[in-house]
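**Q**
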Amino acid sequence: MAFNVHLITPERALPEIQADHVTALAVDGQVGIRTGHAPIVALLKNESYIIIRTFGVADFKAYAVRGGVVQMLDNTLKILTPLAVDLKTIDAQALSSKAAAETDADTKRWLDHQLAIAAANPFPAGRV
């Protein structure tokens, strides 16, 4: 049985996602959340990630996030973050070039973080 995931940023709220397992990087370590998880609130690291999976499906959703909070209550996971980047939209070569040219240390660290998360979570072959 799946649970509902809501990913919300100041600019937009993504459509509700059904998931069987979500992994998030909190300030005190990695948090795994499944259906029926006890209520929890966790503070996300400034350079964090969210991996959303459905059992029996090879494809998954992955986001690089810039801090925020996750709350699991009554089989609904809410993720509030100031910035989320869908890793499927990343052009690694272009992003790498942009990171190399970036002079602001904070922005460069954020771009490098996106590249690292994308490299650590390759999507299944055949992705369009």
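Just so we're aligned, residue -18 is where the sequence shown starts under my numbering, counting upward by one. Here a beta-carbon is modelled for each residue, glycine too, at the ideal position from N, C-alpha and C. Since the structure is predicted, the reported quantities are computational estimates derived from the model, not experimental observations.
#1: Can you tell me whether Thr70 is helix, strand or coil according to DSSP?
#2: Alpha carbon to alpha carbon, what distance is there between Thr62 and Ala81?
#3: Quick check on His94: does DSSP put it in helix, strand or coil?
#4: Rank Arg(-7), Gln52, Ile33 by C-alpha distance to the C-alpha of Ala43 and give the top, closest one.
#5: Given a threshold of 16 other Cβ atoms within 10 Å of its Cβ, counted over all protein chains shown, does Val109 qualify as buried or as exposed?
#6: Comparing C-alpha positions only, which one of Ala97, His94, Ala100, Leu6 sits nearest to Gly49?
#7: Do you know how far the Cα of Asp85 is from the Cα of Gln74?
#8: DSSP state of Thr(-10), grouped into three classes?
#9: If you pair each beta-carbon of the segment -13 to -3 with each one of the segment 8 to 27, do three or more pairs fall below 8 angstroms?
#10: Between which two residues does the beta strand (DSSP E) harbouring Arg15 extend?
#11: Express the C-alpha separation of Met(-18) and Ser77 in angstroms, rounding to a whole number.
**A** According to the structure data:
#1: If DSSP states are grouped into helix, strand and coil, Thr70 belongs with the helices.
#2: Each residue's Cα considered, the two are about 26 angstroms apart.
#3: DSSP places His94 in the helix class (H, G or I) of the three-state scheme.
#4: Selected option, being the one with the closest Cα: Ile33.
#5: Note that Val109 has pLDDT 36, beneath the 50 cutoff, so the model's placement of it is unreliable and no number is given.
#6: Scanning Ala97, His94, Ala100, Leu6 for the CA closest to the CA of Gly49 turns up Leu6.
#7: Spanning the two alpha carbons is a distance of roughly 19 angstroms.
#8: Coil at Thr(-10), not helix or strand.
#9: Under the Cβ criterion (8 angstroms, minimum of three pairs), the segment -13 to -3 does not count as touching the segment 8 to 27.
#10: 10 to 15 is the span of the beta strand (DSSP E), which, as asked, contains Arg15.
#11: Rounded to whole angstroms, Ser77 to Met(-18) spans 39 angstroms at the Cα level.
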